[in-house]
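Undergrad:
Residue numbers (UniProt numbering), protein chains in the order written: chain A, 1 to 375; chain B, 1 to 291.
#1: Compare the C-alpha of residue 74(A) against each of 82(A), 228(A), 80(A), 63(A) and name the closest.
#2: Can you find a CB in chain B that lies within less than 8 Å of the CB of residue 32(A)?
#3: For residue 41(B), does the count of other Cβ atoms within 10 angstroms reach 16, so buried, or fall short, so exposed?
#4: Listing by chain order, which chain A residues have their CB less than 8 Å from the CB of residue 213(B)?
#5: Name the two residues that bound the continuous beta strand (DSSP E) containing residue 244(A).
#6: Is residue 145(A) helix, strand or coil by DSSP?
#7: Under 9 Å Cβ-Cβ, which residues of chain A neighbour residue 242(B)?
#8: Reducing DSSP to helix, strand and coil, say where residue 119(A) ends up.
#9: Can you give me the C-alpha to C-alpha distance between residue 181(B) and residue 175(B), rounded to a whole angstrom?
#10: Listed from N- to C-terminal order along the chain, which residues in the region 287-317 of chain A have their beta-carbon within a distance smaller than 7 Å of any beta-carbon of chain B?
#11: Using beta carbons (cut-off 8 Å, strictly below), is residue 329(A) in contact with chain B?
#12: Residue 196(A) CB to nearest chain B CB: under 8 Å?
#13: List the DSSP bridge partners of residue 212(B).
#14: Interface residues of chain B around residue 324(A) at Cβ under 9 Å?
#15: Candidates 206(B), 238(B), 76(B), 109(B): which alpha carbon is nearest residue 101(B)'s?
#16: Leaving out five residues before and five after residue 271(A) in sequence, what residues of the same chain have Cβ atoms less than 6 Å from its Cβ?
#17: Measure the Cβ-Cβ separation of residue 81(A) and residue 148(A) and say whether it is below 8 Å.
#18: Within the same chain, show all residues whose beta-carbon is closer than 6 Å to that of residue 250(B), passing over the 5 residues directly before and after it, in chain order.
#19: When the Cα atoms are used, what is the spatial distance from residue 230(A) to residue 159(A)?
#20: Enumerate, from N- to C-terminal direction, the unbroken alpha helix (DSSP H) stretches of 4 or more residues contained entirely within the region 256-327 of chain A.
#21: Ignoring anything shorter than 4 residues, give me the alpha helix (DSSP H) runs that lie fully in the UniProt domain "Cystatin LXN-type" (42-150) of chain B, in order along the chain.
#22: Starting from the Cα of residue 195(B), find the closest Cα among 165(B), 244(B), 264(B) and give me that residue.
#23: For my contact list, residue 111(A) and residue 170(A) are in at a C-beta cut-off of 8 Å; report their separation, rounded to the angstrom.
#24: DSSP on residue 219(B), reduced to helix/strand/coil?
#25: By the three-class DSSP mapping on this structure, what secondary structure does residue 81(A) have?
#26: List the residues of chain B that residue 51(A) touches, going by C-beta distances under 7 Å, in chain order.
#27: Under 8 Å between C-beta atoms, does residue 57(A) make it to chain B?
#28: In the DSSP assignment, the alpha helix (DSSP H) including residue 156(A) goes from what residue to what residue?
#29: Straight-line CA distance for residue 152(B) to residue 316(A)?
#30: Quick one: what's got a C-beta closer than 6 Å to residue 159(B)'s C-beta in the same chain, skipping five residues either side?
#31: For residue 30(A), which three-state DSSP category applies?
#32: Say whether the region 167-184 of chain A touches the region 124-141 of chain A, bearing in mind that this needs 3 or more beta-carbon pairs closer than 8 Å, one atom from each stretch.
#33: Can you confirm whether residue 175(B), when its beta carbon is compared against all beta carbons of chain D, has any partner nearer than 8 Å?
#34: Check the C-beta distance from residue 99(B) over to residue 131(B) and give it rounded, since I have them as a contact under 8 Å.
#35: For residue 235(B), go through chain A and note every residue whose CB falls closer than 7 Å to its CB, in chain order.
#36: By alpha-carbon positions, which one of 93(B), 90(B), 111(B) ends up nearest to residue 192(B)?
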């Protein structure tokens, strides 16, 4: 209980508005830009088909962990540059067997709003359906989900208050003359070797050194500590409609490249079945551009086998400013893709279902033989 | 001809309309002859003109985009804008000056997709990239999907609608942060995209390509002299650098007449510019006037 109280206290200092824990109505927000402020109180009225500012996402996480206490817990990951707390949700069904971990992060680039929207959608889908839906239920028998809905919190807030198309973090450089590191160039893999810039003004600025940024440190430290258990590392971006496998820093392929492509292609097919949207699958260096220091490449190189970047809708028509009216369709189809990946991952590591099939087949055959012997 | 790169052909319910494609195979035939000509040094024997190591990644897609921007600009019709669906086939050569010639066939889709209707168009094009210099030379032919009269009708309806908009326009940005465009302002977005097509055509190189991210301000919207006189600032997203480039665009449009465009963009930060983006006078002149 104490860590939770400590967390709430921190929240009280750093996110003063909109929480109203003393029961008083939420204060009107200072930085209203163009959004409608609807003071929702209950999770039942939370809209998964609109974009939410950070305060609301913080509150949503708390409410999720309260409503689904026992399965969903909220955990502190680290602090951002502007000293905001980073939280992830752990979805885990208590059991005695050791679990493997699925990691998903969204919003490493601030302007890619559809990504955090998807993370929230994903969490809701899992929690609402794990009891009734056998496909999802079986995942939770052996898998834990760790979901970081917004990685680049400072940047995300900045896109709400100041610049909708901001990408990087909000760290200060060169005596405050330029701001922000591209967090997806800041991981410790071929750091700043290619497809990244040493110039702090550029949007692909790799930072002052590998893992120089507090956000990157927080994620790195945590993922590294759990790497033996993590089988799947999914990082959600927009736009481009792509499922990207390692690597971006080289055209060389990972040892399991064929498998990653196969699983990725199957996911793209599942996605397309939903609303007809076309996704391309390939290594980042092959179908996108070279990058170094990306979280996906780093995750693969520390041994996490299934490591993907998803670039969600669209193809450039609206780009980063994807209409909220497309959130539902985008999330539905992306959900199919992610579930497809999870199916493959699950079947690879836990043969329980195929064992079940073998058993029932054996029984069937046995019955058939018995019948035939009677005739 | 095997496709150069990955992009899968878009599988619509029906393929591209065959009816008006007589020109395309002929054009391709002619293009093939030309493309086979001077292969750059070190070409592989099996596919003349194609050198994996030398060609920029995604070159066919780059060419398709440039060709489509140019096509949209030339068509001058905000109701008939097209977007890239898929590259079907293409080949490219690079000369010793690192200039790229690309011949390709690609499919297109409506910019404003009508519900349920998928009318894939088909284009063939020759694109000549001048090694990162602007204004790639384009020759592009596309199947006619909308009959000319109908297109003019739609344009005229749009035009009438625009004339009725109350000035000064009370807009901050289009779309807003949530991606919403008020239906009454939709024609402004389409017209802005048309104007931006000119800019994006000129700025596309074998490495750089652009999307229109947002209209950040409407500076002036006039409808005197019958034509629409539109002065606005648009934010272009350059994909390979991920940069956002503000461009001030001034266009004059009247249905059926060629579009007139003037523009000025902030320059992309280059490695030499250590101090960040600078206005105006860069090495490459961006101020162009086809008035």
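Quick reminder that beta carbons are idealized off the backbone N, C-alpha and C, glycines included.
TA: Working from what's here:
#1: 63(A)
#2: Only weak support exists for where residue 32(A) lies, its pLDDT of 41 falling under 50; the coordinates are left without a value.
#3: Low confidence applies to residue 41(B): its pLDDT is 35, below 50, so where it sits in the model is not reliable enough to give any reading.
#4: 165, 319, 320, 321
#5: Counting along the chain, the beta strand (DSSP E) containing residue 244(A) begins and ends at 242-245.
#6: strand
#7: Within chain A, the residues near residue 242(B) are 109, 167, 182, 202, 203, 204.
#8: Note: residue 119(A) maps to helix in three-state DSSP.
#9: 5 Å
#10: 287, 289, 316, 317
#11: no
#12: no
#13: 236(B)
#14: 178, 179, 180
#15: 206(B)
#16: 279, 333, 336, 337
#17: no
#18: 231, 262
#19: 31 Å
#20: Within the region 256-327 of chain A, the complete alpha helix (DSSP H) segments of 4 residues or longer fall at 257-275, 284-287, 295-301, listed in chain order.
#21: 59-75
#22: 264(B)
#23: Residue 111(A) to residue 170(A), Cβ: 13 Å. No contact.
#24: DSSP, read as helix, strand or coil, puts residue 219(B) in strand.
#25: coil
#26: 178
#27: no
#28: Element bounds for residue 156(A): 153-161.
#29: 26 Å
#30: 255
#31: At residue 30(A), the pLDDT of 39 sits below 50, so the modelled position is not reliable; the number obtained from the coordinates is stated separately. DSSP, reduced to helix, strand and coil, places residue 30(A) outside both helices and strands of the structure shown, so it counts as coil.
#32: no
#33: Checking the listed chains, one finds no chain D in this structure; the protein chains it contains are A and B.
#34: 5 Å
#35: 165
#36: 111(B)
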